[in-house]
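A.B. asks: First, the structure itself, so that you have it in front of you.
What follows is the structure, encoded as structure tokens:
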């Protein structure tokens, strides 16, 4: 992973580090990174579906046939990715709203609803079990984020805005930027807390979802809770699903 990206990730982590212990800010930063990743996968997948109609996913926000297109995109996304996000629920959209003027910049409630909707979108599908309580460690009401709701919102907006500049380079099949980011941060969290890297790990659910959504790129993050360690594994073991918009 480029040194510039490492510095950016650690600078983002520093935004939270002074507010709470390593165990806590680890959960927030990795959770937000995962939300951003899911958003980018969703947008990329939707854009492929809409390309024949010369549309992008962002275009659907004000499109006259929004509902019709969203129905098609949702069905395909649930089959290919295992979850669904609407255009205005994407990470980039929320980060942008957080930097707007007036009431729109208060995004805590929206963020909580979006994270819950990601989980709810999988109800009744094969991926439902993998997404249950996926973001439960992201306590957006925690006093560790700030004394007032406004303070909490400002901190979260700052973190999301900085993360919005990170490019996971999803189209590059030679690199696994997300995996490198997780591995780098896990190592930094461990050393900063005076622990071994094995004492920090991503939740098994995140591991499973990453396996589903990254297998086309040949790599995944795999965490074994039993032995409590973090490693990057090659070739996802789960069976690849078919998608109409592959390639």
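Residue numbers (this note's numbering): 9 to 255.
Yeah, the Cβ is synthetic: ideal placement off N, Cα and C, and Gly gets one too.
The model shown is predicted, which means the values in this text are computed figures rather than measured ones.
1) In whole angstroms, give me the CA-to-CA distance for residue 49 and residue 130.
2) Just list the alpha helix (DSSP H) runs in the stretch 50-115, keeping only unbroken ones of 4 residues or longer that don't cross its boundaries, in chain order.
3) In whole angstroms, give me the CA-to-CA distance for residue 21 and residue 76.
4) Using the three-state DSSP reduction, which class does residue 37 fall into: helix, strand or coil?
5) Assuming residue 171 contacts residue 27 (C-beta within less than 8 Å), just tell me the rounded distance between them.
6) Is residue 23 helix, strand or coil when you go by DSSP?
7) I believe residue 90 touches residue 138 by the beta-carbon criterion, under 8 Å. Please report the beta-carbon distance rounded to the nearest angstrom.
8) Count the other C-beta atoms from every protein chain shown that fall within 10 angstroms of the C-beta of residue 109, then say buried if there are 16 or more, exposed otherwise.
9) Short check: CB of residue 120 to CB of residue 148, under 7 Å?
10) Whole angstroms are fine: how far does the CA of residue 122 sit from the CA of residue 106?
11) Measure how close the beta-carbons of residue 81 and residue 57 come, nearest whole angstrom, since I'm counting them as under 8 Å.
12) Taking buried to mean at least 16 other C-beta atoms within 10 Å of its own C-beta, is residue 34 buried or exposed?
13) Restricting to Cα atoms, I'd like to know which of 177, 167 and 192 is closest to residue 25.
14) Can residue 55 and residue 65 be called in contact, C-beta distance under 7 Å?
15) List the whole-angstrom C-beta distance separating residue 93 from residue 135, where the pair is believed to meet the contact cut-off of C-beta under 8 Å.
16) Taking DSSP as the reference, what is the three-state secondary structure of residue 172?
17) Report the option in 37, 71 and 143 whose CA atom is closest to the CA atom of residue 95.
18) Distance check for residue 103 and residue 127, CA to CA, integer angstroms please.
19) Find out if the Cβ-Cβ distance for the pair residue 125, residue 85 is shorter than 7 Å.
20) Taking residue 143 as the reference, which of 158, 40, 188 and 157 has the closest Cα?
C.D. replies: Taking the geometry as given:
1) 16 Å
2) 74-88 and 99-106
3) 40 Å
4) helix
5) About 16 Å separates the two Cβ atoms, so there is no contact after all.
6) helix
7) 7 Å
8) exposed
9) yes
10) 14 Å
11) 6 Å
12) buried
13) 167
14) yes
15) That belief does not hold up - the Cβ atoms of residue 93 and residue 135 are roughly 14 Å apart, past 8 Å.
16) coil
17) 71
18) 20 Å
19) no
20) 40
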